[in-house]
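For reference, the structure discussed in these notes is given below.
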Amino acid sequence: MICAFEGWNDACQAATNVIRHLIARYDATEVRHIRCDGYYDYQVTRPMSCTVAGRRRILWPQTTFYDIAINPGTHVFAQIAPEPNYRWVEYCHQSMHIAEEFDVDHIVTLGSMFADCPHTRPLPIDESDTDCRCDMDREYNGPVGITTVLDALACNEGFDASTIWASIPQYLGSDECAQATLQMLHHLSGRLGVELDQGDLPQKAQAWKAQASVLTHCNDDLAEYVERLEHEYDSEQNARALADIGTPQAEMLVKEAEDFLSHMGE
144 MICAFEGWND ACQAATNVIR HLIARYDATE VRHIRCDGYY DYQVTRPMSC
194 TVAGRRRILW PQTTFYDIAI NPGTHVFAQI APEPNYRWVE YCHQSMHIAE
244 EFDVDHIVTL GSMFADCPHT RPLPIDESDT DCRCDMDREY NGPVGITTVL
294 DALACNEGFD ASTIWASIPQ YLGSDECAQA TLQMLHHLSG RLGVELDQGD
344 LPQKAQAWKA QASVLTHCND DLAEYVERLE HEYDSEQNAR ALADIGTPQA
394 EMLVKEAEDF LSHMGE
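Under the numbering used here, the first residue of the sequence shown is numbered 144, with each subsequent residue one higher.
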């Protein structure tokens with residue numbers, strides 16, 4: 144079951160848009176709901192007014208579960224909702240009860256967050272499996288969202304639990320980020336072992352990059368900031384590449400670089 148929640152865990156709607164994309168591209172059926180009563184502060188997550196068939200209706204925030212047919216042999220379930228304001232433990236247990244109804248044994252939560260990363264490089268994606276020995280996120284200390292709570296409780300209840308998080312350039316504001324949605328969809332494809340339909344996400348991602356480039360070209364300070372982020376990103380990637388090839392090869396590359404630089408000065 145794939146889970147995404149609007150709000151704090153969903154910068155630029157990148158995570159929930161993965162589920163919206165799957166619903167739009169495949170045969171999807173609503174199979175369950177969790178009623179909003181007792182879970183939401185309506186001054187934070189407000190009901191919406193709309194007109195249906197000439198009559199005004201109030202749409203309350205709710206959780207919807209979908210059965211999505213990827214192909215005849217592959218079905219996934221998806222949970223999408225605004226992040227609840229109250230009673231998270233009860234809410235998560237209710238979500239897991241619905242998962243059990245459909246014989247789900249693996250829960251994947253999606254999230255997106257703002258970070259210091261450049262739009263000119265692949266966006267950082269953090270993909271991990273929850274360690275059920277309670278050492279999840281040992282390197283992080285701080286506030287968490289409903290996704291982290293659901294991961295931990297699902298693990299305690301015997302589910303396999305995984306997370307996919309995208310980092311999004313904080314300097315671009317809160318407009319939708321198709322690039323992050325596209326990259327999370329790619330990682331989800333790897334999890335499922337099925338190539339998921341990308342639809343028009345690649346075109347939207349290119350448009351997002353083009354718009355971001357226009358913004359940086361019009362602001363010298365922002366362009367300098369992005370250039371610094373690019374340098375940090377490239378340095379980190381080079382360090383990882385050196386670590387992957389092993390110490391002897393890394394030392395050889397460093398020596399070759401030093402020899403090259405020394406000859407440049409002759």
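Where a beta carbon is used, it is the ideal one built from N, C-alpha and C, also for glycine.
| Asked | Found |
| --- | --- |
| Inter-stretch contact at 8 angstroms, needing at least 3 Cβ pairs: the stretch 301-311 / the stretch 177-193 | no |
| CB contact flag (L266, Q322, <8 angstroms) | yes |
| From C179, D377 and D363, residue whose alpha carbon lies closest to that of I234 | The question names Ile, yet the displayed sequence has Tyr at residue 234. Y234 has its Cα closest to that of C179, out of C179, D377 and D363. |
| Distance, D170 Cα to N228 Cα | 31 angstroms |
| Extent of the continuous alpha helix (DSSP H) to which C425 belongs | Since the first residue of the chain shown is 144 and the last is 409, residue 425 is not available in this structure. |
| Of the listed residues L344, E173, G342 and C298, nearest to H249 (C-alpha basis) | C298 |
| Reduced DSSP category for M144 - H, G, I as helix; E, B as strand; rest coil | coil |
| Exposure label - T252; buried when at least 16 CB within 10 Å | buried |
| Buried or exposed by the 16-neighbour rule on C-beta atoms within 10 Å, applied to E243 | exposed |
| Whether V247 touches F208 by CB criterion (8 angstroms) | no |
| Coil, strand or helix - S305 by DSSP | strand |
| Cβ-based burial, V369 [other Cβ within 10 Å; buried from 16] | buried |
| Proximity of S192 and R198 at Cβ, strictly below 8 angstroms | no |
| A353 classed as buried or exposed, judged by whether at least 16 other C-beta atoms fall within 10 angstroms | exposed |
| For R163, the first and last residue of its enclosing alpha helix (DSSP H) | A157 to R168 |
| Complete runs of the alpha helix (DSSP H) confined to the stretch 298-381 [at least 4 residues] | 321-335 and 344-360 |
| Burial state of P190 (16 or more Cβ within 10 Å) | exposed |
| Any 3 or more C-beta pairs closer than 8 angstroms across the stretch 335-343 and the stretch 284-299 | no |
| Residue from G181, N160, F245 and D153 whose Cα sits closest to the Cα of V174 | F245 |
| Straight-line Cα distance separating A386 from P226 | As written in the sequence, residue 226 is Glu, which differs from the Pro given in the question. Whole-angstrom Cα-Cα distance: 39 angstroms. |
| 3-residue-minimum beta strand (DSSP E) runs that sit fully inside the stretch 185-216, ordered along the chain | 191-195, 198-202 and 206-214 |
| Contact belief for S255 with A355 at Cβ below 8 angstroms, rounded distance in angstroms | With 8 angstroms as the limit, S255 and A355 do not qualify as a contact, their Cβ atoms being about 16 angstroms apart. |
| Under 8 angstroms between C-beta atoms of D259 and Q313 | yes |
| Under the three-state DSSP convention, the category D387 falls into | helix |
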